[in-house]
Structures are given as structure tokens and as C-alpha cells.
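**Q** Quick one: structure below, then a few questions.
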Amino acid sequence: QDVLMPPLKGNFQNSVLKMRSTSASGGGGGGGGGLWVTSVLGAMLMTMCALGVAGNVYTLFIMRSAALRRTGSMYVYILNLALADLLYLSTIPFVVCTYFAHDWLFGEAGCRLLLSLDLLTMHASVFVLVAMTLERYRAVARPFSARRSQARGRKVVAAFIWAAAVVLTLPMMVMIRQRQGSKVNAAGAVKRICFPTWTPEAFKAYLTVMFLTSVLVPGLLMVALYAGLARHYWAASSRGRSARRRGLKQKVASMIFSIVVAYWACFLPFWVWQLTKLFSPESLRPLSAATHNYVNFSVTCLTYGNSCVNPLLYTLLTRNYKDYLAQKGQTMASSRAEGGSAVSGASQMQTHVPYRATHTHTNIHNDSNDLTGNVVE
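Set out below in C-alpha cells:
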């Protein structure tokens with residue numbers, strides 16, 4: 052017997068999940084087998100929620116570091132990534148409640164808000180990743196231009212990112228409605244579901260645009276930027292810079308790249324599944340209803356898994372960045388000390404050497420800029 056469920060993460064296409072179980076009983080939440088499956092799935096989701104929330108809260112805690120706040124770029128961008136992850140994870144309890152209740156209990160406002168958070172946080176995260184990658188590229192390829200960037204400017208960029216994500220999410224928020232289902236719950240009341248009011252063609256066009264803006268276009272941009280970074284690192288590998296500092300810079304770039312790859316690995320299967328159902332539903336007809344449900348649940352868990360893995364990557368990124376700043380500080384202090392000794396010796400010898408302002412030694416690893424183009428004071 053079919054049991055109608057409200058929309059879950061990763062099931063935008065039908066906006067109704069049909070959980071089929073041979074052991075389910077008349078619409079009230081299923082028999083022993085159905086309840087067992089629901090309990091396992093609910094426990095998995097709640098575990099992911101607890102781990103993800105704890106990890107992202109820890110990320111926010113370590114971002115209180117004064118050294119990281121002074122760097123501007125990393126502080127602003129990682130803070131926004133962690134907030135996006137927390138928003139995304141906050142919807143899990145509502146999903147689990149829906150699993151057990153087999154009914155939508157959160158009204159039309161819940162339909163609009165909870166379903167829109169999927170697309171909102173998805174776009175905010177990937178746009179922040181693009182901004183981080185672009186700034187990393189500018190700091191390496193165009194250090195003098197990157198030097199002019201200020202922390203306030205990055206906050207404006209972050210605000211623009213969230214505004215753009217809201218604009219892209221508005222159609223989903225506007226077009227979702229709560230409506231009465233065709234079945235009743237255990238209490239005899241008609242079940243409620245969230246349902247899109249647009250035509251199938253319009254819905255298909257909208258989700259295609261969402262795929263382009265949240266995966267394909269940002270992905271191609273980041274591939275191009277990282278290809279440019281690799282080219283610059285390769286060209287600079289033979290220059291006479293500190294091997295440790297160069298290695299730390301590359302570690303930071305590698306950690307940002309790891310966050311990008313984790314995003315693709317977790318969200319690309321979700322979009323492949325959705326677009327296959329949109330554009331080639333006949334290819335999925337051989338699959339049973341249970342298989343559809345389990346694939347849907349799996350790609351959903353992958354998207355939540357991204358928010359659980361990210362805190363680990365954020366922590367490693369900030370640790371590598373702190374190491375880089377510490378090494379830069381030691382190098383600059385040593386250079387100043389050597390410069391001071393040289394000046395003192397020259398004064399004692401009463402040797403007058405005209406000052407020459409030269410920047411011929413400056414290359415893509417400009418010492419006056421930190422990783423993100425900030426001036427290190």
C-alpha cells in the first residue's frame with residue numbers, strides 16, 4: 052500500500068514521496084517492517100545532524116581567533132560556509148518528524164521555508180567557494196591588485212552572495228503550496244502535502260537553471276581558476292623562496308580545492324538523479340518503487356554528509372593558514388632584524404649609500420601580501 056509523504060530533501064521532482072512497503076498497514080505509519088525501516092533512516096539522519104551541527108559550531112568557535120579575524124578573507128568566507136551548513140542541517144528534524152508522522156505538520160509557511168532552504172544554502176555555499184577560489188587566484192597571480200582588497204569589501208561580497216541565493220530561491224518559495232492529500236492518517240484526518248503549483252515544463256526549466264547556477268557554471272569557473280593556480284605554482288617552483296612557505300601556500304590551496312571536490316562529490320549525484328527523472332524518466336522505469344526511494348534517500352544523505360565533512364576540512368584549512376601566517380611572521384621578523392644590523396653597520400662605517408626603491412624581487416609570491424592579498428602588519 053502506498054503511504055504519501057510530504058517532500059523530502061532530494062525529491063523536488065514529484066514533491067511527494069511514495070514509501071512503498073509490503074508490510075505497511077493502512078496509512079497510519081506502517082507495520083513492524085515499515086516502522087523498523089523508518090526508525091533506521093531517522094536515526095541515520097539525526098546522527099548526521101548531531102555530528103554536522105557539532106562540527107560547524109566548533110568551526111565557528113575556532114574562528115574567534117584574533118589572528119584569523121585580521122586576515123579578513125578566510126574569516127569571512129569560512130564563517131559564511133559554516134552558517135550555510137548549519138542552516139541546511141537545521142531542516143533534518145523536520146524531515147525525520149515527517150518520516151514518522153506520514154503527514155506534513157508545519158503548515159504552508161513550513162512548505163515555503165523548509166523546501167527553499169535547500170536551494171538557498173546550496174547556492175550560498177558554492178558562491179562562497181567561488182569567491183574563495185577567485186581570491187586565492189588573485190593573491191597568487193595578481194598580488195598588487197589583491198592587496199587593495201579589504202575585509203569590509205569581503206563582507207559586501209558575502210552579503211551579495213546571500214542576496215543572489217535568495218533571488219534564485221524565490222520561485223521555489225512562491226510556487227510551493229500546502230494542499231490536502233488523497234489519503235487519511237491514523238486519526239482519520241486527511242493528510243497534508245507540499246506541492247508545486249507550476250506546470251511541469253516550467254518546473255523542468257527552473258530546476259535546469261538551478262543545476263546550472265549551483266553546480267555546472269560555478270564548477271567550470273573553479274576548474275579554470277585552479278588550472279591557473281597550478282600553472283603559477285609550477286612557474287614559481289624554481290624560484291628562491293622558502294620551500295616551507297611555498298609548501299604551506301600550496302597546502303592552503305589544496306584544502307580549498309578539497310572543500311570544492313567534497314561539494315561536487317556530495318551534490319553531483321543528487322542533481323544527476325533529479326535531472327534523469329526530469330529528462331529521461333523512461334530509463335528509470337525498470338527500477339522498483341523501493342529502489343527509487345532508497346536512491347532518493349542515498350543522494351539526500353550525501354548532501355547532508357557534505358555539511359558533516361566540511362567542518363573537518365575547515366579546521367584543517369584554518370590550521371594550515373595559521374601555520375602559513377606564523378612562518379611568514381618569522382621570515383619577516385628575520386628580514387627586519389638583518390636589515391637593521393646592516394643599517395647599523397653601515398652607519399658606523401659612515402658609508403652613505405643612496406636609497407633605491409626597487410621591486411624587482413617581487414614576484415607572484417609577494418611578501419607584502421598574505422595568502423589572500425591582505426597586508427600583514
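Heads up, the sequence shown is in the numbering used here, so the first residue is 52 and it goes up one at a time. All C-beta atoms in this analysis are idealised placements derived from N, C-alpha and C, irrespective of residue type, glycine included.
Could you give the residue range of the alpha helix (DSSP H) that holds arginine 163?
**A** 158-192
**Q** Taking 7 Å as the limit between beta carbons, can you name the residues of its chain near phenylalanine 308, skipping five residues before and five after?
**A** Cβ within range, chain order: Tyr277.
**Q** Assess, as a yes-or-no matter, whether the segment 239-253 is touched by the segment 221-228 under the definition of 3 or more beta carbon pairs within less than 8 Å.
**A** yes
**Q** If you run the structure through DSSP and keep just helix, strand and coil, what is arginine 230?
**A** strand
**Q** Pick from Leu280, Ala152, Leu111: whose alpha carbon is nearest that of leucine 185?
**A** Leu280
**Q** If leucine 319 sits next to lysine 255, beta carbons under 8 Å apart, how far is it from one beta carbon to the other, in whole angstroms?
**A** In fact, because the Cβ distance is near 19 Å, the residues do not count as touching under 8 Å.
**Q** Are the beta-carbon atoms of valine 104 and leucine 140 separated by less than 8 Å?
**A** The answer is yes: Cβ separation under 8 Å.
**Q** Taking just the CA atoms, how far does glutamate 333 sit from asparagine 344?
**A** 17 Å
**Q** Does the distance from the CB of tyrosine 109 to the CB of proline 362 come in under 8 Å?
**A** For tyrosine 109 and proline 362, yes; Cβs fall inside 8 Å.
**Q** With H, G and I counted as helix, E and B as strand and the rest as coil, what does DSSP make of arginine 336?
**A** coil
**Q** Using a Cβ-Cβ cut-off of 8 Å (strictly less than) and excluding sequence neighbours within five positions of phenylalanine 145, which residues of its own chain qualify?
**A** Phe157, Gly161, Leu165
**Q** Please name the residue, chosen from Gly356, Tyr188, Thr98, Leu130, that lies closest to methionine 273 on a Cα-to-Cα basis.
**A** For the set Gly356, Tyr188, Thr98, Leu130, the Cα lying nearest the Cα of methionine 273 is the one of Tyr188.
**Q** Can you tell me whether glutamine 231 is buried or exposed? The criterion is at least 16 other CB atoms within 10 Å of its CB, across all chains shown.
**A** exposed
**Q** Taking the beta strand (DSSP E) that valine 266 falls in, what are its first and last residues?
**A** Taken as a continuous stretch (DSSP letters only), valine 266 belongs to no beta strand (DSSP E), as it is neither H nor E.
**Q** Nearest to tryptophan 322 by CA position, among Ser339, Tyr257, Met306, Arg336, is which residue?
**A** Tyr257
**Q** Here's a check: name, in chain order, each residue in its chain whose Cβ is nearer than 6 Å to the Cβ of isoleucine 310, leaving out the five neighbours to either side.
**A** Leu364
**Q** Sort Leu102, Leu134, Cys100 by Cα distance to glutamate 114 and report the nearest one.
**A** For the record, residue 114 in the displayed sequence is methionine; it is not glutamate. Among Leu102, Leu134, Cys100, the Cα nearest to that of methionine 114 is on Leu134.
**Q** For arginine 282 and threonine 89, what's the separation of their Cα atoms in angstroms?
**A** Answer to the nearest angstrom: the Cα atoms are 50 Å apart.
**Q** Report yes if the CB atom of tryptophan 8 is closer than 8 Å to the CB atom of isoleucine 244, and no otherwise.
**A** The displayed coordinates of the chain run from 52 to 428. Any statement about residue 8 would go beyond what the structure contains.
**Q** Terminal residues of the continuous beta strand (DSSP E) containing arginine 243?
**A** 241-247
**Q** Within a Cβ cutoff of 6 Å, which residues of the same chain sit near serine 167, ignoring the five residues on either side of it in sequence?
**A** Thr220, Met223, Met224
**Q** Out of curiosity, what's the CA-to-CA distance linking serine 176 and leucine 132?
**A** 6 Å
**Q** How many angstroms separate the CA atom of threonine 354 from the CA atom of alanine 316?
**A** 9 Å
**Q** Excluding sequence positions up to five away, which residues of its chain have a Cβ less than 7 Å from the Cβ of valine 266?
**A** Phe318, Leu319, Trp322
**Q** Rounded to the nearest angstrom, what separates valine 268 and arginine 205 at their Cα positions?
**A** 22 Å
**Q** Near alanine 313, which residues of its chain fall below 8 Å by C-beta distance, leaving aside the five closest residues on each side in sequence?
**A** Asn357, Val360, Asn361, Leu364
**Q** Spatial neighbours of methionine 183 within its chain, please: CB distance less than 6 Å, with the 5 preceding and 5 following residues excluded, ordered by chain position.
**A** Correct list, in chain order: Tyr128, Ile307.
**Q** Quick test of your reading: histidine 174 and alanine 209, contact by CB under 8 Å. State the CB separation rounded to the nearest angstrom.
**A** Their Cβ separation, rounded to whole angstroms, is 13 Å, which puts histidine 174 and alanine 209 out of contact at 8 Å.
**Q** In the structure shown, what three-state DSSP assignment does aspartate 154 receive?
**A** coil
**Q** Please report the distance separating the alpha-carbon of arginine 338 from that of leucine 92.
**A** Note that residue 338 is leucine in the sequence shown, not arginine. Taking the straight line from one Cα to the other gives about 21 Å.
**Q** From Cys100, Leu130, Ala101, Lys242, pick the residue whose C-alpha is nearest to that of threonine 366; which is it?
**A** Leu130
**Q** Between valine 179 and leucine 96, how many whole angstroms is the CB-CB distance? I'm expecting something under 8 Å.
**A** The Cβ separation is near 25 Å, so there is no contact.
**Q** In whole angstroms, what is the alpha-carbon distance linking cysteine 352 and alanine 341?
**A** 16 Å
**Q** Please report the straight-line C-alpha distance between leucine 271 and valine 181, rounded to a whole angstrom.
**A** 10 Å
**Q** Taking a contact to mean a Cβ-Cβ separation below 8 Å, would you say leucine 326 touches phenylalanine 262 in this structure?
**A** yes
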